[in-house]
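Asks:
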Amino acid sequence: ALLPYVPRVPPVALPGKLTATTFALERPCCVFDRHAAASDTVWLVVAFANGEARGHAPWGWGRGDPRHGRSARCVPAASAAFRNPPSRASVPRYAQLPTARSYMIPEATAATSACSSPHAAVLRVGGDTACGDRGGQDPCNGPLPSPGPYRVKFLVMGCQGPKAETRWSDPILLRTGR
Amino acid sequence: MAKSDDGMRILQGLLVFGNVIIGMCGIALTAECIFFVSDPHGLYPLLEATGNNDIYAAAWIGIFVGFALFALSILGIIAVIKSSRTLLLVYIILMLITYAFEMASCITAATHRDFLTPNLFLKQMLEQYHKPETDNNKDKWMSEGVTKTWDKLMLQNKCCGVQGPSDWQDYTSAFRVTHNDADFPWPRNCCVLDTQGSPVNLDGCKLGVPGYYNSNGCYDAISGPMNTHAWGVAWFGFAILCWTFCVLLGTMFYWSRIGY
Chain A
83 ALLPYVPRVP
93 PVALPGKLTA
103 TTFALERPCC
113 VFDRHAAASD
123 TVWLVVAFAN
133 GEARGHAPWG
143 WGRGDPRHGR
153 SARCVPAASA
163 AFRNPPSRAS
173 VPRYAQLPTA
183 RSYMIPEATA
193 ATSACSSPHA
203 AVLRVGGDTA
213 CGDRGGQDPC
223 NGPLPSPGPY
233 RVKFLVMGCQ
243 GPKAETRWSD
253 PILLRTGR
Chain B
78 MAKSDDGMRI
88 LQGLLVFGNV
98 IIGMCGIALT
108 AECIFFVSDP
118 HGLYPLLEAT
128 GNNDIYAAAW
138 IGIFVGFALF
148 ALSILGIIAV
158 IKSSRTLLLV
168 YIILMLITYA
178 FEMASCITAA
188 THRDFLTPNL
198 FLKQMLEQYH
208 KPETDNNKDK
218 WMSEGVTKTW
228 DKLMLQNKCC
238 GVQGPSDWQD
248 YTSAFRVTHN
258 DADFPWPRNC
268 CVLDTQGSPV
278 NLDGCKLGVP
288 GYYNSNGCYD
298 AISGPMNTHA
308 WGVAWFGFAI
318 LCWTFCVLLG
328 TMFYWSRIGY
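Chains as they are written, first to last, in the working numbering: chain A, 83 to 260; chain B, 78 to 337.
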């Protein structure tokens, strides 16, 4: 199921919401309540956004994000070419970001994204500096290697595979120092 | 004759009074300059690392000039009371030399103050704070001085960077070489620390949540004391010089009017 929620960087003035290797996102509250069971996990998909493609990008599951028009002439955006993984085992890892140009971070269980849970309102992408050291086998939240721009979306995975997803965010460009 | 005698008596009285004031101002100048040289705010390493610590040189000269003024004022009082031409001549010559030194000190303090801009300290902070490897011992000691001073500054004044924490994000720095951006968007001392010295809320500090990090820049904490120092030496010095000029003129007039 495609949910109309669009992930975004919090509009509050926080000096650390965009740094050179991390960025912050508002946590979606109550967005997945009707579509996910409490035991499903919510993942965050992070993909490179440059090279906007105009073309079909059919998803494997769910209705997807139709971009009708001419077929792609330039390099397809990783966010346009992203296919939802069929199961938890085939989730792209942080270490694959340079080649696959996208990866997924385990965010939370659907239970903690419910309205009543007193969770922090902001999620920091790139905060786990030990990611990448562990052999890249487990999905984790490592610092981003380049300024991007990136697009993100949330994906709810159940036991049988993806159950629901949000829209892709606007491109997020990280800071570079002078 | 009587009138001219009275006139001379009045002039003598004025000159003694003038010298008493010079003596007291000399002591005050020495005390003020000793205070500045003792560096109560601990900012000297920053100034030294800029390669231009002339306001400190001006303060050192001020110490000796103040003492010289005190000694010369005593000589002046004795010379005026005894009406001795030789003593007065010695007094005038030595006072002119002291005058020249004090003038140099004041002008140095006044002009070098303009050198101390936010960009100067920003550049120095970005280049020297936590500089990883250094070419020689002098560089190492200088960057250690800058690092310690900044750590103390940020801790005591609850501030971060020169203009704010975004200095660490907007510019590349030596700090960034050894401290990765995800763990240290800005140095730990920019976080609000508890009594043990660890951050109250590290994640809040990394994000920049108000209340868990220092959002002010440290430039005011640096420039405030340095301005007081520079203006204190310069303007008090100029005031003493104005007064001394008048007393010197009076002394030269008195010298020309008395016989051997």
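Beta carbons: idealized from backbone N, C-alpha and C, even for Gly.
#1: Under 9 Å, Cβ to Cβ, is there at least one residue of chain B near A:R116?
#2: For B:V286, would you say it is in contact with chain A, using Cβ-to-Cβ distances shorter than 9 Å as the test?
#3: So with CB distances below 7 Å, who are the chain B contacts of A:R109?
#4: Where are the beta strand (DSSP E) runs, 3 residues long or more, that stay fully inside the stretch 91-122 of chain A, in chain order?
#5: Got a sec? Which residues, its chain only, sit under 6 Å from B:F252 by beta carbon, not counting five neighbours each side?
#6: For A:L96, go through chain B and note every residue whose CB falls closer than 9 Å to its CB, in chain order.
#7: Can you check whether the CB of B:D260 is closer than 9 Å to the CB of A:T211?
#8: Tell me, please, whether the CB atom of A:W141 is closer than 9 Å to any CB atom in chain B?
#9: Give me the Cβ distance between B:V286 and B:P276, rounded to the nearest whole Å; I'm assuming they're in contact under 8 Å.
#10: Could you tell me which chain A residues have their CB closer than 8 Å to the CB of B:N257, listed as they occur along the chain?
#11: State the start and end residues of the unbroken alpha helix (DSSP H) segment that holds B:Y121.
#12: Just to confirm, is the Cβ distance from A:P225 to B:D258 under 9 Å?
#13: Among the residues of its own chain, which have a CB less than 6 Å from the CB of B:M303, if the five just before and after it don't count?
#14: With burial defined as no fewer than 16 other Cβ atoms inside 10 Å of the residue's Cβ, what is the status of B:T175: buried or exposed?
#15: Indicate whether at least one CB of chain A lies closer than 9 Å to the CB of B:P262.
#16: Consider the Cβ of B:G241: report whether some Cβ of chain A lies at a distance smaller than 9 Å.
#17: Spatial neighbours of B:N234 within its chain, please: CB distance less than 7 Å, with the 5 preceding and 5 following residues excluded, ordered by chain position.
#18: Cβ of A:V204 less than 9 Å from any chain B Cβ?
#19: What are the boundary residues of the beta strand (DSSP E) that includes A:V207?
#20: With 9 Å set as the bound, which would you pick, yes or no: does the beta-carbon of B:S292 sit closer than that to a beta-carbon of chain A?
#21: Give the single residue among A:Q242, A:D220, A:G98, A:P89 whose Cα lies nearest to the Cα of B:N291.
#22: Quick check on A:P244: does DSSP put it in helix, strand or coil?
#23: Please confirm whether any heavy atom of the ligand COA lies closer than 8 Å to the CB of A:C112.
#24: Alpha carbons only, please: which of A:A102, A:P221, A:V128 is nearest the one belonging to B:K283?
#25: Check the Cβ-Cβ distances between A:G230 and every residue of chain B, and say whether any is below 9 Å.
#26: Assuming A:R165 contacts B:Q246 under a Cβ cut-off of 8 Å, what Cβ separation, rounded to an integer in Å, is found between them?
#27: Around the Cβ of B:C102, are there at least 16 other Cβ atoms within 10 angstroms (buried) or fewer (exposed)?
#28: If we ignore side chains and look at the alpha-carbon of each, how far apart do B:M219 and B:L123 end up?
#29: Who are the neighbours of A:R31 on chain B, taking C-beta pairs under 9 Å?
#30: For A:A83, would you say it is in contact with chain B, using Cβ-to-Cβ distances shorter than 9 Å as the test?
#31: To the nearest angstrom, how far is it from the Cα of A:V113 to the Cα of A:G209?
#32: Return the first residue and the last residue of the alpha helix (DSSP H) that B:C323 is part of.
#33: Would you kindly report the start and end of the unbroken alpha helix (DSSP H) that includes A:R260?
#34: Return the chain-ordered ranges of every alpha helix (DSSP H) run that is complete within the stretch 115-199 of chain B and spans a minimum of 4 residues.
#35: For B:F112, which of helix, strand or coil comes out of DSSP?
#36: Going along the stretch 229-253 of chain A in order, which residues come within less than 9 Å of chain B, judged by CB to CB distance?
Replies: So, to answer that:
#1: Position 34 of the first sequence, counted from the start, is the residue given in the question as residue 116 of chain A. Any Cβ of chain B closer than 9 Å to the Cβ of A:R116 would place that residue at the interface, and such an atom is absent.
#2: Along the second sequence, one-based indexing puts residue 286 of chain B at 209. Yes, contact with chain A.
#3: Stepping through the first sequence from its first residue, residue 109 of chain A is reached at position 27. Taking a Cβ-Cβ threshold of 7 Å, none of the residues of chain B is close to A:R109; the smallest such distance is about 13 Å.
#4: Secondary structure remark: continuous beta strand (DSSP E) runs of at least 3 residues inside the stretch 91-122 of chain A, in chain order: 105-108.
#5: Locating residue 252 of chain B in the second sequence gives position 175, where the first residue counts as 1. Cβ neighbours of B:F252 beyond the five flanking positions: Y206, H207.
#6: Counting from 1 along the first sequence, the entry for residue 96 of chain A is found at position 14. Per Cβ cutoff of 9 Å: L284, G285, V286, P287.
#7: Here the question's residue 211 of chain A lines up with position 129 in the first sequence. Here the question's residue 260 of chain B lines up with position 183 in the second sequence. Yes; because the gap between Cβ atoms is below 9 Å, this pair is in contact.
#8: Here the question's residue 141 of chain A lines up with position 59 in the first sequence. Any reading at A:W141 needs caution, since the residue's pLDDT is 26, under 50, leaving its predicted position unreliable; the model's value is listed next. It does not: the Cβ of A:W141 has no partner Cβ on chain B nearer than 9 Å.
#9: By 1-based counting over the second sequence, the position of residue 286 of chain B is 209. By 1-based counting over the second sequence, the position of residue 276 of chain B is 199. No, B:V286 and B:P276 are not in contact; Cβ-Cβ is about 12 Å, not under 8 Å.
#10: Counting from 1 along the second sequence, the entry for residue 257 of chain B is found at position 180. Under the 8 Å cutoff, chain A gives T103, T211, P225.
#11: Mapped onto the second sequence, residue 121 of chain B falls at position 44. Per DSSP, B:Y121 belongs to the alpha helix (DSSP H) from 121-126.
#12: Position 143 of the first sequence, counted from the first residue, corresponds to residue 225 of chain A. Position 181 of the second sequence, counted from the first residue, corresponds to residue 258 of chain B. It is a contact, given that the beta carbons lie within the stated cut-off.
#13: Here residue 303 of chain B is taken as the residue at index 226 of the second sequence, counted from 1. Take B:M303, set aside five residues on each side of it, and the residues of its chain with a beta-carbon closer than 6 Å to its own are L193, in chain order.
#14: Walking along the second sequence from the start, residue 175 of chain B turns up at place 98. It counts as buried.
#15: Your numbering for residue 262 of chain B matches position 185 in the second sequence. Yes, its Cβ sits closer than 9 Å to a Cβ of chain A.
#16: Your numbering for residue 241 of chain B matches position 164 in the second sequence. Cβ-Cβ to chain A under 9 Å: yes for B:G241.
#17: The sequence position of residue 234 of chain B within the second sequence is 157, counting from 1. For B:N234, where only same-chain residues beyond five positions count, the Cβ hits under 7 Å are C295, A298.
#18: Along the first sequence, read from residue 1 onward, the residue named residue 204 of chain A stands at position 122. Closer than 9 Å to some Cβ of chain B, the Cβ of A:V204 qualifies, so yes.
#19: What you label residue 207 of chain A is simply residue 125 of the first sequence in a count that begins at 1. For A:V207, the enclosing beta strand (DSSP E) begins and ends at 204-207.
#20: In the second sequence, the residue the question calls residue 292 of chain B occupies position 215. For B:S292, the answer is yes, since a Cβ of chain A falls inside 9 Å of its Cβ.
#21: As a working mapping, residue 291 of chain B is identified with position 214 in the second sequence. The candidate whose alpha carbon is nearest that of B:N291 is A:G98.
#22: As a first step, residue 244 of chain A is located in the first sequence; it is residue number 162 there, counting from the start. Here A:P244 sits in strand by DSSP.
#23: Of ligands this structure carries none, so the ligand COA is not represented either.
#24: The residue given as residue 283 of chain B occupies position 206 in the second sequence. Ranking the options by Cα distance to B:K283, first place goes to A:A102.
#25: As a working note, residue 230 of chain A is residue 148 in the first sequence. Chain B, which has no Cβ nearer than 9 Å to the Cβ of A:G230, makes this no.
#26: Residue 165 of chain A sits at position 83 when you count from the first residue of the first sequence. Residue 246 of chain B sits at position 169 when you count from the first residue of the second sequence. With a Cβ gap of about 35 Å, A:R165 and B:Q246 do not count as contacting.
#27: Counting from one through the second sequence, the residue named residue 102 of chain B turns up at place 25. When all chains shown are included, B:C102 counts as buried.
#28: If you number the second sequence from 1, residue 219 of chain B lands on position 142. If you number the second sequence from 1, residue 123 of chain B lands on position 46. Within the model, the alpha-carbon separation for B:M219 versus B:L123 is close to 9 Å.
#29: Past the edges of chain A, shown from 83 to 260, lies residue 31 of chain A, and the structure says nothing about it.
#30: Within the first sequence, the letter at position 1 stands for residue 83 of chain A. Output row for A:A83: interface = no.
#31: Looking up residue 113 of chain A in the first sequence gives position 31. Looking up residue 209 of chain A in the first sequence gives position 127. About 24 Å.
#32: The residue labelled residue 323 of chain B in the question sits at position 246 within the second sequence. Where B:C323 is concerned, the enclosing alpha helix (DSSP H) stretches over 296-334.
#33: Sequence index remark: in the first sequence, residue 260 of chain A carries index 178 (1-based). First-last for A:R260: undefined, no H or E at that position.
#34: Taking 4 residues as the shortest admissible run, the stretch 115-199 of chain B contains the following complete alpha helix (DSSP H) segments, listed from N- to C-terminal end: 121-126, 131-159, 162-189.
#35: Position 35 of the second sequence, counted from the first residue, corresponds to residue 112 of chain B. Three-state result, B:F112: helix.
#36: The stretch 229-253 of chain A vs chain B, Cβ under 9 Å: nothing.
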